[in-house]
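What the sequence shown shows, in the numbering used here, is residues 127 to 779, in sequence order. Notes to accompany the following structure.
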Amino acid sequence: MVRLADIPFGLAAVSGCPVCYPNLRPQTQLLLCSGCKVVHYCGADHQKKHRPRHKAACTSIIASQAKLEKEEATLRARPGNIFENGVGESRNAMTFSSGGLSLTMSTTSTTAQKKVRTITVSDVPDISESLKDQYQALFRMVHKKNPHFWEALVDAPEGTPSLPSEYSRGSVEEAILAVYQCKKAWEESYDAIIMIESEIVELTEVYEGPAASSDGANIEEVVATLDRRRGSGRAFPSKFGASTTNTCPEDLFPPSRTGQDQVYHFVHRNNPKKALAYADGACSGNGQQNPQAAWAAVLRPPIGDNIRPCMVSGLLELKGPFGDESVATSNRAELRAAIAVLRRNDWRADGFTSINIATDSSYLVDGATAWVRSWVRNGWKTRTGDPVKNQDLWELFLGEVEECKETGLEVELWKIPREMNELADTVAKETIHKGAAPTDFENGQLDSSAASARFPGEPRVLCLCLEYESMFNDIYASLISKITAKAKMDRATTQQAALDMLTQDPPPSVIFVTDAGAAHLMKVWERVIDCLRRGSTVVLAASFSSFVNEGRFNRCFGKIGLPWKRGDYYRTTVSLRPGAVDDRLKTQLVPTYSQKALYVQGVARSDVWYAGERGEVAVAFTKVGNGMLGYVGDVNGEDGSEAVVIAMLGLLN
């Protein structure tokens, strides 16, 4: 028998010392491994002796502990705190299971079967009303548990969605997963989803997307409110060096699809987390009296003839970001372009961890990656003691770099030959001649005319034919020929093509929706709303009204924020309302014509173009945000309707 006195001091509890007494009874005096805090030892000598055998396991345990702590912190930082009310939270789960079990036990199919055999005609109204009440109660209960479920059901795309790895109760992620599990059952019940869509119209909220804030401001107004932060020198950009001086940026950063919406960016061929943008500035009368400067940045690439480059540009302001007056120079314009690259696009939201600013300006690259460090140390003085020129823009640029670093985005600058920066250089030079320089510093408006420089003077119409392109070609051949005689018509026939074209900056100026495909794909419809609010003209015509049910029709206009509702469908004679259009258009539109149409209700009188004798609205045109929205309910392509569509597209003359 082992006596207490024979047990070495500090023998481990439970497991025992792995060196000498692994099988002895547990003791109260312990010495844990100072690294992993798991293995016990008799004393420091045995811990040291056992270290070579334990080192690998100790290191692995420490790494696992750190990984678990990091994962826990990430989960606790999620909205809703997954540990408190996320999936698997026991109390709510048990309550839900208990309630479901009780409900199941109280339902007997035998009773229902017997009831069916004995009911009479007089019982039908009561039974119908009872079923309706149960259906409404179920609808409200599900909506209360998860307000996203019903919309996720009616808007669910074909195929397998991207399923979440974790989610909180009542979240969008939970709704997506639930729909994925049960959608086939809904589809097996005839018109069940259509019925649900009619019900959720009243729940539809106005889409407040990236192009509009809650108070209705457009995207440029929202961007203009960004904070202006003076950099303190806590972070600096780095200098990017290609393998050779003649390396073409687009060879190293070819256009590639990225993100959930698969938008094209300039992406590093070996690192999908690294993006590139071009920046340049220009100055007319540089160093002379009354100079005027402008800047430009190319944020995303052009793709073929359909997708134009995403560019931002602007005239250099007379005052800097902090109110300092300045003189326009090419150096100042080049620095201003680099600031726009960081302020006019959320690179982290696009999935990048590094942004490379390509420029032909030595002043910008050398200043940002070398000189500015000593300027900050010397209190914004040069080596000769003179004040640093353009200090205000340098401070703002460093402030943007610091903010990028805090969000996990590294900033690099790449000095490229001038001929490789041709597009940004051309746009900057063209922008110089676009009016007087603004006084106050601003982020710069999206310059549609500069961005469209690839297609000078050529009207363009983006045609969304996502479901019935062949029908559009057959029935509306006359309309197509009239459009293509006056404008370039780009077509999107798939969801991905539509998203690519609708996410261009600036947005397409004219969008012709020819069928209900865009309305059936809510992601596409929301991009259409974004374009509309930012200034696009959107015309819903051709086969659009033929293939949209009442629930979808009402929801789509509700998303826009319009009270328009689906009306009746029949033929009648419609008349052009007095004062609906100006005198020039009035002479080119027919005053009355017969039209078989899907009419719309809830249109403001000032927005009505054509209506029937009882006030049914067949054609409407209204302002939404900075754009215009047109609706033509005609389903047969009457000659009078062709003229209306051409007029709304801006091509009548």
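Even for Gly, the Cβ is constructed at its ideal location relative to N, Cα and C.
Given residue i as reference, the closest of the options once Cα atoms are compared
i, options, result
"residue 677", "326, 422, 547, 464", "326"
"residue 780", "440, 589, 542", "Within the shown structure, residues of the chain are numbered from 127 to 779, placing residue 780 beyond reach of any answer."
"residue 498", "736, 360, 482", "360"
"residue 639", "652, 355, 284, 670", "670"
"residue 724", "750, 686, 702, 763", "763"
"residue 419", "610, 460, 629", "460"
"residue 546", "424, 647, 446", "424"
"residue 162", "184, 143, 486", "184"
"residue 324", "493, 292, 679", "679"
"residue 377", "479, 542, 644", "542"
"residue 466", "506, 527, 719, 444", "527"
"residue 261", "285, 322, 306", "322"
"residue 743", "713, 696, 389, 264", "696"
"residue 506", "521, 492, 495, 496", "521"
"residue 357", "429, 523, 287", "523"
Simplified DSSP assignment, three categories, for residue i
i, result
"residue 305", "helix"
"residue 398", "strand"
"residue 364", "strand"
"residue 589", "strand"
"residue 552", "helix"
"residue 459", "helix"
"residue 760", "strand"
"residue 559", "coil"
"residue 391", "strand"
"residue 404", "strand"
"residue 381", "strand"
"residue 567", "coil"
"residue 513", "strand"
"residue 695", "strand"
"residue 255", "helix"
"residue 540", "strand"
"residue 282", "coil"
"residue 424", "strand"
Rounded separation between residue i and residue j - CA only
i, j, result
"residue 319", "residue 631", "36 angstroms"
"residue 255", "residue 266", "16 angstroms"
"residue 734", "residue 311", "42 angstroms"
"residue 391", "residue 434", "12 angstroms"
"residue 688", "residue 596", "31 angstroms"
"residue 698", "residue 722", "6 angstroms"
"residue 245", "residue 727", "41 angstroms"
"residue 364", "residue 416", "35 angstroms"
"residue 337", "residue 371", "In this prediction, residue 337 scores a pLDDT of 41, lower than 50, which makes its location untrustworthy; no coordinate-derived value is stated."
"residue 247", "residue 257", "16 angstroms"
"residue 453", "residue 662", "36 angstroms"
"residue 774", "residue 756", "7 angstroms"
"residue 188", "residue 290", "29 angstroms"
"residue 109", "residue 408", "The requested residue 109 does not occur in the structure, where the chain is confined to residues 127 to 779."
"residue 667", "residue 484", "43 angstroms"
"residue 767", "residue 593", "21 angstroms"
"residue 478", "residue 559", "35 angstroms"
"residue 445", "residue 525", "18 angstroms"
"residue 706", "residue 745", "11 angstroms"
"residue 540", "residue 194", "39 angstroms"
"residue 729", "residue 704", "16 angstroms"
"residue 694", "residue 282", "28 angstroms"
"residue 272", "residue 280", "14 angstroms"
"residue 308", "residue 538", "48 angstroms"
"residue 778", "residue 769", "7 angstroms"
Any non-hydrogen atom of the ligand SAM within 7 angstroms of residue i CB
i, result
"residue 394", "Among the ligands in the structure shown, none appear at all, so the ligand SAM cannot be discussed."
Residue i, buried or exposed, once every other Cβ within 10 Å from all chains shown has been counted against 16
i, result
"residue 462", "buried"
"residue 313", "exposed"
"residue 717", "exposed"
"residue 87", "In the structure as shown, the chain begins at 127 and stops at 779. Residue 87 is therefore absent and cannot be evaluated."
"residue 331", "exposed"
"residue 393", "buried"
"residue 168", "buried"
"residue 482", "buried"
"residue 656", "buried"
"residue 171", "exposed"
"residue 395", "exposed"
"residue 250", "exposed"
"residue 447", "buried"
Handout entry: Contiguous beta strand (DSSP E) assignments of at least 3 residues, all confined to the stretch 612-683
Key = 614-618, 636-639, 663-666
Problem - alpha helix (DSSP H) runs contained entirely in the stretch 444-500, provided each spans 4 or more residues - result: 456-469, 488-492
Exercise for the section: Scan the stretch 700-758 and note each continuous beta strand (DSSP E) run of 3 residues or more that stays entirely inside, going in chain order. Expected result: 718-727, 734-737, 743-750, 753-758
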